Each structure stands twice: as C-alpha cells, then as structure tokens.
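Enquirer:
In the working numbering, the protein residues as written are 95 to 556.
Here you go:
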C-alpha cells in the first residue's frame, strides 16, 4: 500500500539520474543499483536496544524516509513524515562461509524500490562471537559515504541510549541537498561553463587510450574489427552478460604499514597513491603507454551539513593522467594530485552530460569507452564508527554495469590495506585480477623504497 504524499515531490538529482541510468546497462538485474554492507564489532550489542536506535536514526536521517514512484515514465521522490521498522531479523551464523553465503544472497536480491522498500536491515552474531549490523540499501537513497554516516550516527545514538553518552550532533538534511542540486542543474550557464571546461580537459592531450587490466587484447581486437590501427577505445557494452565476480585482495601487513606511513608523512591520500600504482602497472602490460584514464567516484560533500548527510551525492569523475618515463614517482604523485584538484573543482557537471560530450568529441558509439575502471577509496579510520572497534565488509551483487569497479580502504581491524575488484567475468578473469594486484603491490614496494625512482625505472623492474 502506497504511503500518502504529504510534502513536496522532487525530480531525481543528476547524481541519482546516474544511478537509474545504470539499469540501462543491466537489463534484468536490478540489484546493480543497491549497496550491501555490514560492520562487525566485538562490542556486545543489545539488539532490542539497537532497534530503538534504528528508529531514532530514521527520524534523524531523512534519506531513510525517502520514497519513490513513477509518473509518466519518470521516477519522482518524496519524504515520509514518519516511518518505523519493527522485528529486525537477528541471525546466528555457525561459520564465516554461512555468513557470507546468506548475506550475499540478500545482497543479490533486488530491492523493490517502487513498492515502498528502500533498504533491508539485519542483525547477526558471527561464528567468532562478534556482533554484526547489515544494511542493503538502494543507491538512490544512500551512496557509500552516506552508509558511513548511517553506521557512525547509529552507533552514537545507541551509545546514548545504553550508556547515557551525549546525543550526536544533528545530521544534515538530504532534502536540502536535493533542492540545491536541482537548482544548480536548472541554470543553463552552469552547464555551459562546465561543458567548456570538460571539453578542454579531455582533449588537451588528444583522445585517451584504453588501458585494459587484461592487457591490450580488447583494444587490438577493436582495431582489427574496425580495420583501424589508430582506434583508442573499446566496445565492451553487453547488458546481457553482466555476471560479476567480487574478488577481494589484501596487501600484506608489512607492506601496508609502509604504505600508510608514506601516506601520513607525505600527506598523500590513498585515492592518489593506490591509483597511481595501478596506472603504472597498467602501462607495463599495455605497451608502456603512460596515458591512463579512470573514472573515480567522488562523494561530493563539501559543507559540514553535507558531510553529515545521508543520500546520494556521489558521481563518477573522469581522471586522466599523462606521465613521462623520466618523471620520478614523487613527480607522478604531484601530477595525480593536480588531477584530483581539477576534478574536485568541476565535480558538479553531471556525468551523463559529460558522457554525451565525450561521444560528441570523439565520435563514440553508445557502446564505446576508453576508461579502464571506476575507482573508489573509502576513507575508513579508527574513529570512523564512533570509535567502536569494527570491521567493514562489502558484498558482491553478482551483476554489474561496468567492466571493473575497484575500491580500496584501510582495514582498521588488522592494519592492512584491502582492495576489492568487482569485475565482469566475461571480460576480466580472476587471473587478470591476481596479476593486477601483484603488479600494483610491486610498484608500491619499488616506489616507496625510493620515491625518486623514475617511472621508467619502475616499469623496467616490474
């Protein structure tokens, strides 16, 4: 039964439009637009009390009261004034294998977004005795940054109920964010200025070249098929065969600690450092081409209210970087940081507008692209979850729209760096991922041993 609409109705924002657009690249698998995540903690949780905290969180966090309907073929959204959940399931697992199997099955079950379901919640006890909170949420409601806000604020609310700790500060309203986003897109001058900036950005070094995790085989095949040795894009659009594996990797502890120390001492974020190592390795297996092009997911939260807001602000941003073999690794760090700053300054341009612009500039078909992957760095730290001990876990959704989505993070539980690859198995094998991970780690070892080593020297030795 549809809840009554008592407040304003809004169009989707450009960030949300991008999420809906993903369904066009996965005809039958609606789970590609949802986020399944959990946290595990050794701290004992009273699940009845945690359910009370969940309902307080729903009142505090307005995106959890967001609902959707379709009108004349378009998705519209509005906010419920009040909503509560009851009888959240509490699961008990006897093994880690059972835990992963059950929660992955839920992760791969589509959320009925147009029937009033926008997220599913579960509590659980892990086989090792830890306590878990799981959420599978529609991507129109939360992006990954919003999931971190949800967990952090929820645990603070729970601490208030259980131990009398102060209530956390008020959250920002996603409804305010929606109004701001729609007002920006309604101004044609904004779009015109950003279109000019993006056109200059992506063409200043000529057309980008696809550097595949699998090596040059798809690019070579595209060139042979089109009888054009100068083609720089690939056509990997295949909405039918969108089966995706979820391959998790961990950089060994000693190497991870060296990486984290380098990041701290040089004020370099993992978003730049891990990407740079990947880009150098891709050059190695793609004829030493040092023109790499990733789509990096940006959380786009600038104000204090936005940083403490739920909802979906995140958008894919094009990050292109052209290196020279004579560049030192520290030079390359500077170059990728410059690209990060440029992208952040121009992050309001809707990705779908940029996608259309790119097709126009390079005469791409709907199936063509030159980016290697989408990449995210999750900024997890010891204090992220209201200073609880925790382990963060993501789950594979089984299908995906892009050939490869890579995300990396610190594992605050054991001091390592985790990298997860969600890759379409029709195009990228587990063996390709194994090679990518090993190569990335080798680049990092060489570079951190001597940051003034040249990129050419690193290529010679990996």
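Backbone N, C-alpha and C define an ideal beta-carbon position, used for all residues, glycine too. Computed from a prediction, not measured in an experiment: that's the story for all the values here.
(1) State the CB to CB distance for the pair residue 320 and residue 303, rounded to an integer number of angstroms; the pair is presumed to be in contact (CB under 8 Å).
(2) Curious, which full-length beta strand (DSSP E) runs of at least 3 residues does the region 470-508 contain?
(3) Tell me whether residue 326 sits in a helix, a strand or coil according to DSSP, three-state version.
(4) By the 10 Å Cβ neighbour count, where 16 or more other Cβ atoms means buried, how is residue 554 classified, buried or exposed?
(5) If I'm right that residue 522 touches residue 307 with Cβ under 8 Å, what's the distance once you round it to whole angstroms?
(6) Please name the residue in 484, 384, 390, 400 whose C-alpha comes closest to that of residue 550.
(7) Taking all protein chains shown into account, decide if residue 365 is buried (16 or more other Cβ within 10 angstroms of its Cβ) or exposed.
(8) Just confirm the distance between the C-beta atoms of residue 225 and residue 139, as a whole number of angstroms; I'd bet it's less than 8 Å.
(9) Would you call the region 352-361 and the region 375-395 touching, i.e. three or more CB-CB distances under 8 Å?
(10) What's the gap between the Cα of residue 382 and the Cα of residue 433?
(11) Of the residues 194, 177, 104, which one's Cα is nearest the Cα of residue 164?
(12) Residue 533: which of 159, 343, 407, 487 sits nearest, CA to CA?
(13) Roughly how many angstroms lie between the CA atoms of residue 339 and residue 516, to the nearest whole one?
(14) Opposite residue 232 in the DSSP bridges: which residues?
(15) Quick check on this structure: which residue in 245, 187, 234 has the alpha carbon closest to the alpha carbon of residue 215?
(16) Should residue 502 go down as buried or exposed, given a rule of 16 or more other Cβ atoms within 10 Å for buried?
(17) Using the three-state DSSP reduction, which class does residue 95 fall into: helix, strand or coil?
(18) Kindly identify the DSSP beta-bridge partner or partners of residue 292.
(19) Tell me, please, which residues DSSP counts as bridged to residue 405.
(20) Does DSSP put residue 273 in a helix, in a strand, or in coil?
(21) Just list the residues that DSSP pairs residue 165 with in beta bridges.
(22) Taking the straight line between their C-alpha atoms, what separation do you get for residue 206 and residue 212?
(23) Between 393, 538, 402, 470, which lies nearest to residue 154 when the distance is taken from Cα to Cα?
(24) Quick one: any contact between the region 386-405 and the region 455-469, if contact means 3 or more CB pairs under 8 Å?
(25) According to DSSP, is residue 414 part of a helix, a strand, or is it coil?
(26) Residues in the same chain with beta-carbon distance under 6 Å from residue 95, minus the five sequence neighbours each way, listed in chain order, please.
(27) Measure the C-alpha to C-alpha separation of residue 489 and residue 178 and round it to an integer number of angstroms.
(28) Just mark residue 444 as buried or exposed, buried being the case when its beta carbon has 16 or more other beta carbons within 10 Å.
(29) Quick test of the definition: if touching needs 3 or more C-beta pairs under 8 Å, does the region 326-335 touch the region 540-547?
(30) How long is the line joining the alpha carbons of residue 423 and residue 497, rounded to whole angstroms?
(31) Where does the unbroken beta strand (DSSP E) through residue 528 begin, and where does it stop?
(32) Near residue 146, what residues of its chain come up, given a Cβ to Cβ distance below 7 Å and the 5 sequence neighbours on each side ignored?
(33) Looking only at its chain, what residues have a beta carbon closer than 8 Å to the beta carbon of residue 148, apart from the 5 residues adjacent to it on each side?
(34) Since residue 240 contacts residue 157 with CB under 8 Å, what's their CB separation in whole angstroms?
(35) So for residue 209, helix, strand or coil by DSSP?
Expert: For this structure:
(1) Going by Cβ atoms, the distance from residue 320 to residue 303 rounds to 15 Å, so no, they are not a contact pair.
(2) Qualifying beta strand (DSSP E) stretches, in chain order: 485-488, 498-505.
(3) It is coil, neither helix nor strand.
(4) Its Cβ having fewer than 16 others within 10 Å, residue 554 is exposed.
(5) About 6 Å separates the two Cβ atoms, so the contact holds.
(6) Comparing Cα-Cα distances from residue 550 to each of 484, 384, 390, 400, the minimum goes to 384.
(7) Counting the other CB atoms within 10 Å of its CB gives residue 365 a total of 16 or more, which places it among the buried residues.
(8) Rounded, the Cβ-Cβ distance is 4 Å, consistent with contact.
(9) With a cut-off of 8 Å, the region 375-395 and the region 352-361 do not count as touching, because too few Cβ pairs lie within range.
(10) When rounded, the distance between both Cα atoms is 21 Å.
(11) Residue 104 is the option with its Cα nearest to residue 164.
(12) Comparing C-alpha distances from residue 533 to each of 159, 343, 407, 487 shows the shortest one belongs to 343.
(13) Taking C-alpha positions only, residue 339 is separated from residue 516 by approximately 6 Å.
(14) Per DSSP, 128.
(15) Residue 245 is the option with its Cα nearest to residue 215.
(16) Buried is the call here.
(17) The pLDDT assigned to residue 95 is 44, lower than 50, so where the model puts this residue is not dependable; a value taken from the coordinates is nonetheless given after this. The answer is coil: DSSP assigns residue 95 none of H, G, I, E or B.
(18) Residue 292 has no beta-bridge partner at all, per DSSP.
(19) In DSSP, residue 405 forms a bridge with 236.
(20) Three-state result, residue 273: helix.
(21) 168.
(22) Straight-line Cα distance between these residues: approximately 7 Å.
(23) It is 402 whose Cα lies nearest to the Cα of residue 154.
(24) Cβ pair count under 8 Å is three or more, so yes.
(25) Shown here, residue 414 sits in a strand according to DSSP, grouped into three states.
(26) Per-residue confidence for residue 95 stands at a pLDDT of 44, beneath the threshold of 50, marking its modelled position as unreliable; the derived number appears in the next sentence. Excluding sequence neighbours, residue 95 sits near nothing in its chain.
(27) Taking C-alpha positions only, residue 489 is separated from residue 178 by approximately 26 Å.
(28) Under a 10 Å Cβ-count criterion, residue 444 is classified as buried, with 16 or more other Cβ atoms of the shown protein chains found around its own Cβ.
(29) With the cut-off at 8 Å, the region 326-335 and the region 540-547 do not touch.
(30) Approximately 28 Å between the Cα atoms of the pair.
(31) Taken as a continuous stretch (DSSP letters only), residue 528 belongs to no beta strand (DSSP E), being part of the alpha helix (DSSP H) at 524-543.
(32) Cβ neighbours of residue 146 beyond the five flanking positions: 255.
(33) Taking residue 148 as the centre and dropping the five residues before and after it, the same chain places the C-beta of 179, 182, 215, 248 closer than 8 Å to its C-beta, in chain order.
(34) Approximately 6 Å separates the beta-carbon atoms of residue 240 and residue 157; this is inside 8 Å, confirming the contact.
(35) Assignment of residue 209 by DSSP, reduced to helix, strand and coil, places it in the helix class.
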